[in-house]
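Asker: I'd like to ask you about the structure that follows.
2 protein chains.
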Amino acid sequence: MLYGNAVIVTMDEERNIYAPGALLIKEGKIADVGKDKALREMYPHETVRDMEGKILFPGLINAHTHTPMALFRGLADDLPLNTWLKEYIWPMENKMVNPEFIQWGGLLGILEMIASGTTAFNDMYFYQDVLGQAVKQSGMRAVLGQGLIDFPTPEAKNPEEGIQRLQTLLESWEDDEQVDISVCAHAPYTCSSELLKKAFRLSEKYHAPFHIHVAETRQEAELIKEKKHDESIVGYLERLGLLDSHVTAAHCVWISEPDMEILQKRKVKVAHNPTSNLKLASGTAPLHLMLKHGLTVALGTDGAASNNSLDLFREIRLAALLSKGLQEDPELIPAYQALEMATVNGARALGIDDKTGSLEIGKEGDFIVINTSDPSMQPLYRPVSHLVYTVGREHVEEVFVSGRLLYRKGEYFTLDASLILEKSHEIAQRIRKESGI
Amino acid sequence: MLYGNAVIVTMDEERNIYAPGALLIKEGKIADVGKDKALREMYPHETVRDMEGKILFPGLINAHTHTPMALFRGLADDLPLNTWLKEYIWPMENKMVNPEFIQWGGLLGILEMIASGTTAFNDMYFYQDVLGQAVKQSGMRAVLGQGLIDFPTPEAKNPEEGIQRLQTLLESWEDDEQVDISVCAHAPYTCSSELLKKAFRLSEKYHAPFHIHVAETRQEAELIKEKKHDESIVGYLERLGLLDSHVTAAHCVWISEPDMEILQKRKVKVAHNPTSNLKLASGTAPLHLMLKHGLTVALGTDGAASNNSLDLFREIRLAALLSKGLQEDPELIPAYQALEMATVNGARALGIDDKTGSLEIGKEGDFIVINTSDPSMQPLYRPVSHLVYTVGREHVEEVFVSGRLLYRKGEYFTLDASLILEKSHEIAQRIRKESGI
């Protein structure tokens with residue numbers, strides 16, 4: 062199929078934008094992309110679909126989330142992190158999180174991500190074999206990691222059991238095209254150095270991504286500093302030998318410029334979560350400095366319990382806005398850079414940049430179609446500006462992964478939204494009862 | 062019509078939420094509101110419309126915008142304010158702004174505001190008689206002010222001509238139910254003290270709202286401080302006698318706590334524009350302190366040239382998030398307070414709180430209907446939380462003003478969206494040509 066007469070923002074290295082442009086999808090892959098006229102002439106026998114000036118853009122990549130927590134969306138807000146975690150989230154997780162919760166909460170989150178233009182996500186939670194099945198069913202891509210931590214979890218009585226389960230997971234999904242398994246250590250302040258090292262070695266052994274929360278809160282940074290004789294969190298991880306190009310460090314709110322130099326040297330990827338950081342009052346990550354130091358920064362929504370949305374377009378916009386206002390410099394985080402974070406950098410953070418993240422020949426046909434005729438999208442002087450400052454999920458019309466249509470204007474083609482809503486509703490009723498809301 | 066089986070977030074003083082609730086509209090006004098069962102029993106002969114658990118909420122009020130600038134949306138971004146204004150916006154305004162621009166740009170902005178749940182707005186721009194006709198046609202409410210300034214404008218060669226035109230405007234719209242005319246002095250740094258005082262006296266004479274930009278940028282605050290012997294902008298306006306309960310001060314990014322005390326004492330309303338302040342790198346307004354000092358703070362989008370959207374739900378969310386992260390205090394700007402800013406406080410800023418801003422008996426039937434069955438809105442534990450952190454314009458299904466349906470799921474009932482898009486497109490082509498984009 063040749064998708065013609067479109068505005069194609071490729072996100073390739075040359076920053077090519079074709080307007081009017083065309084995208085040729087063959088057997089799920091991008092067979093060609095370029096100027097509309099040239100491609101029509103080159104492929105006269107292809108079926109052409111006229112895209113009427115809509116924007117074609119790579120599917121977004123959510124680099125840090127806890128998808129099934131969609132079932133905790135709006136359960137508790139406007140509270141100190143400790144109260145939020147200890148009085149609401151952890152007790153509810155202990156009571157409620159089981160494979161059924163993961164299945165339906167995961168599917169609920171996936172419905173929302175698809176409708177907002179996300180085609181791949183990086184997850185950290187529990188029972189990832191169950192979430193993996195949900196991802197397969199949806200047609201999306203994901204990197205899924207079961208959280209290792211020093212305490213008992215809904216899934217494992219102790220870290221040893223967690224590691225055993227993780228190994229099974231790594232082995233059983235080894236050859237999957239859509240789902241990769243990552244190794245997740247929750248955070249430097251919740252995992253012993255032994256657990257961190259074990260986890261890291263496991264990630265090396267299985268060539269799996271390593272996903273970890275790093276320096277999310279001021280308290281965490283201070284705690285490590287105190288416990289580790291004035292070391293920074295990044296310094297501590299570096300000393301343990303846990304920084305490498307297959308590591309994604311989520312948050313990095315409380316890191317210094319010397320920390321950034323280490324992360325850059327080690328080619329660690331950062332997942333920036335601006336909404337969650339503001340909402341939980343963790344602070345504002347030094348995004349402009351991370352980018353100045355050449356770090357690969359991707360974007361995440363974090364879980365819907367602390368956002369309370371999985372719409373990555375909101376994160377793109379917020380990431381582009383925040384540094385400008387805080388540093389009083391309107392030239393920081395230009396629109397294009399914000400888009401890179403949600404696409405190519407996301408793909409790098411997930412270790413799937415050979416497959417997705419840009420519209421280039423040979424990559425998978427993961428793309429979204431953006432409405433440009435809505436009054437809120439007009440005039441359209443510069444598509445890159447609109448994609449950052451104007452587009453919301455209300456403008457996402459269609460979503461494709463490997464050339465397959467997953468979503469069109471409210472309709473899902475791989476998932477039964479009614480059933481997922483019904484099951485989510487049942488579980489939510491139980492959460493309501495348990496929490497006394 | 063009795064709108065039953067809804068979640069009704071009234072925004073009345075007792076913070077009443079009825080779930081399930083019902084809203085009775087008679088002759089365009091709210092005749093009753095309360096629990097679903099009680100109202101059905103009380104009004105057995107009313108036609109009932111089952112709202113299927115959707116949220117009914119007061120129409121949003123945009124307290125500061127320049128609507129026709131929708132035609133400059135995305136024309137220039139990521140630039141220092143001076144470059145943006147002097148190289149892009151002002152030259153384009155001088156060349157392009159005429160009654161035709163106002164008509165179609167105004168209608169374009171109105172289409173967007175309606176679809177995102179806004180039912181009233183506070184405008185500052187030119188040729189407001191033309192915009193007034195557009196507002197009448199749309200069925201919305203607005204307070205419209207022609208900007209007075211020391212320099213020539215697209216509408217007036219000098220301030221005297223501006224004042225003459227404004228007087229005509231004030232007199233010709235005096236008895237209108239939908240449109241009020243305000244007196245707008247652009248800003249303390251662009252108007253002489255004589256012009257400011259003349260403008261203020263005019264607002265008193267005509268009982269018109271007074272709308273002015275105050276302390277938007279650091280440079281502006283420093284300029285006034287230097288020129289006025291160390292006076293703050295607010296102190297300067299206070300000395301001139303220009304602060305009163307009918308004044309709306311837009312921005313207030315660079316004000317101190319003593320300034321806030323003055324504004325509070327004088328009952329001045331503040332229009333807070335968080336996106337525009339970040340995007341233009343003006344800074345972040347001290348919202349939590351303004352609220353602590355008891356100021357009535359409303360929310361605005363500013364113009365689409367510096368936002369680049371007129372969706373007030375984005376401002377609600379951002380206003381609720383920003384102070385939390387910046388002050389590292391998750392209890393600042395709780396969800397309900399953010400909603401007050403966009404509704405009751407907005408109505409106070411526009412001087413129309415007798416008519417709109419909450420769902421209370423006797424007020425006009427200005428309300429919006431929010432989808433709650435979309436996956437991104439589920440579960441729905443607490444409607445107030447969702448209205449702030451989750452809702453976007455994608456969830457706005459219907460918009461009513463004085464009980465009249467203006468919009469339903471992409472369809473407009475008072476305006477010809479195709480024609481407006483066509484005309485906007487023509488003007489945008491000319492802007493493109495003039496600006497060399």
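From first to last, the protein sequence lines are chains C and Y. In terms of the numbering used here, the first sequence opens at residue 62 and continues consecutively. In terms of the numbering used here, the second sequence opens at residue 62 and continues consecutively. Each residue gets a CB set at the ideal place from its N, CA and C atoms; glycine is no exception.
(1) Buried or exposed: where does W151(Y) fall if 16 or more other Cβ atoms within 10 Å of its Cβ makes it buried?
(2) Assign N338(C) to one of two classes, buried (16 or more other C-beta atoms within 10 Å of its C-beta) or exposed (fewer than that).
(3) Return no unless some Cβ of chain Y is closer than 9 Å to the Cβ of D390(C).
(4) Contact check, L192(C) vs T128(C) under 8 Å by CB: the rounded distance?
(5) Going along the chain, which residues of its own chain have a beta-carbon closer than 8 Å to the beta-carbon of N31(Y), five neighbours each way excluded?
(6) When we look at the beta-carbon of I422(C) and count the other beta-carbons within 10 Å, is it buried (16 or more) or exposed?
(7) Which residues in chain Y sit within 8 Å of L142(C), going by Cβ to Cβ distance?
(8) Report the CB separation of H354(Y) from E322(Y) in whole angstroms; it is logged as a contact under 8 Å.
(9) Which of the three DSSP states is assigned to V449(C) in this structure?
(10) With 9 Å as the threshold, decide whether the Cβ of R375(Y) is near any Cβ in chain C.
(11) What number of angstroms, rounded off, separates the C-alpha of M174(Y) from the C-alpha of K289(C)?
(12) For L169(Y), decide whether its Cβ has a neighbour in chain C, counting only Cβ atoms nearer than 9 Å.
(13) So, using beta-carbon positions, are P347(C) and I316(C) closer together than 9 Å?
(14) So what does DSSP say about E222(C), is it helix, strand or coil?
(15) From T433(C) to M72(C), what distance separates their C-alpha atoms?
(16) Could you give the C-beta distance for L132(C) and A478(C), rounded to a whole number, given that I count them as a contact under 8 Å?
(17) Are the C-beta of K385(Y) and some C-beta of chain C separated by less than 9 Å?
(18) Report the CB separation of D190(C) from L230(C) in whole angstroms; it is logged as a contact under 8 Å.
(19) Closer than 7 Å between beta carbons: that is the criterion. Which residues of the region 92-112 of chain C meet it against chain Y?
(20) With C-beta atoms as the reference, is N369(Y) less than 9 Å away from G135(Y)?
(21) Step through the CB atoms of chain C and report whether any lies within less than 9 Å of the CB of Q164(Y).
(22) Which bits of chain C does A489(Y) rub up against, with CB to CB less than 9 Å?
(23) Taking V449(Y) as the reference, which of P395(Y), E425(Y) and D427(Y) has the closest Cα?
(24) Give the range of the alpha helix (DSSP H) segment to which K485(Y) is assigned.
(25) I'd like to know whether the C-beta of H486(Y) is nearer than 9 Å to at least one C-beta of chain C.
(26) Give me whichever residues DSSP pairs with S199(Y) in a beta bridge.
(27) How would you call D291(C), buried or exposed, if buried means at least 16 neighbouring beta carbons within 10 angstroms?
(28) Along the chain, which unbroken stretches of the beta strand (DSSP E) at least 3 residues long are found entirely within the region 313-375 of chain C?
(29) Ignore the nearest five residues each way along the sequence and tell me which others in E371(Y)'s own chain have a CB closer than 8 Å to its CB.
(30) Across which residues does DSSP place Y468(C) in a beta bridge pair?
(31) Mind checking if S434(Y) is an interface residue toward chain C, Cβ cutoff 9 Å exclusive?
(32) For a contact defined as C-beta to C-beta under 7 Å, what are the partners of D138(Y) on chain C?
(33) For L356(C) and V275(C), what's the separation of their Cα atoms in angstroms?
(34) Using a 10 Å radius around the Cβ and a threshold of 16 neighbouring Cβ atoms, would you call E472(Y) buried or exposed?
(35) Is there a C-beta anywhere in chain C that falls below 9 Å from the one on G453(Y)?
(36) Which residue from L352(Y), L387(Y), A310(Y) and K328(Y) puts its Cα closest to that of K340(C)?
Answerer: Let me spell this out:
(1) exposed
(2) buried
(3) yes
(4) 7 Å
(5) Nothing in the structure corresponds to residue 31(Y), since chain Y is present only between 62 and 498.
(6) exposed
(7) P391
(8) 6 Å
(9) helix
(10) yes
(11) 54 Å
(12) yes
(13) yes
(14) helix
(15) 19 Å
(16) Between A478(C) and L132(C) the Cβ distance is about 15 Å, and since that is not below 8 Å, they are no contact.
(17) yes
(18) 6 Å
(19) none
(20) yes
(21) no
(22) Q439, P440, L441 and Y442
(23) P395(Y)
(24) Here residue 485(Y) turns out to be Ser, not Lys, going by the sequence shown. Start and end: A478 to S496.
(25) yes
(26) None; S199(Y) has no bridge partner.
(27) exposed
(28) 330-333 and 357-360
(29) Just to set this straight, residue 371(Y) is Leu in the shown sequence, not Glu. Answer for L371(Y): N123, T126, T128, A131, G170, E173, M174, S177, T179, T362 and A365, listed in chain order.
(30) V460(C) and Y473(C)
(31) yes
(32) A396, S446 and Y450
(33) 15 Å
(34) exposed
(35) yes
(36) L387(Y)
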